[in-house]
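What follows is one structure encoded as structure tokens, with my remarks underneath.
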Amino acid sequence: MTRKRTTDNLDAFLKLDQRKLADQYVILVGAKLVAKGTDIETMLRRVKQRYPRQTPFVAKVPSPTTLILWL
Numbered sequence: 020m021t022r023k024r025t026t027d028n029l030d031a032f033l034k035l036d037q038r039k040l041a042d043q044y045v046i047l048v049g050a051k052l053v054a055k056g057t058d059i060e061t062m063l064r065r066v067k068q069r070y071p072r073q074t075p076f077v078a079k080v081p082s083p084t085t086l087i088l089w090l
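If you read the sequence shown in my numbering, its first letter stands for residue 20, the second for the next number, and so on.
Right, here's the structure in full:
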């Protein structure tokens, strides 16, 4: 995976409407949201079958009350 693809996925993640996705896992491939939900194992299995040659970007969207510290 190239650095540009990683940056594209991160940029796409930061642009998501996080209020609607709070406390859910999201999976992005090629800067596109391909799965969302709470069952990460099932989601990953499906995404790996659908996109076998690409590395998915996986993240959990925090709830609005979660404090995130960037160092």
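Each residue gets a CB set at the ideal place from its N, CA and C atoms; glycine is no exception.
Asked                                                                                                                           : Found
Exposure of proline 75, with buried meaning 16 or more beta-carbon neighbours within 10 Å                                       : buried
Nonlocal neighbours in the same chain, by C-beta distance under 8 angstroms from proline 81, ignoring five residues either side : Gln37, Ala41, Asp42, Ile87
Limits of the alpha helix (DSSP H) - the one that leucine 67 falls within                                                       : Before going on, a small fix: residue 67 reads as lysine here, not leucine. Here the alpha helix (DSSP H) through lysine 67 covers 59 to 69.
Straight-line gap, lysine 79 to alanine 31 (C-alpha atoms, nearest Å)                                                           : 14 angstroms
Sequence-distant residues of the same chain with beta carbon closer than 8 angstroms to valine 66, five excluded per side       : Ile46, Val48, Val53, Ala54, Pro75
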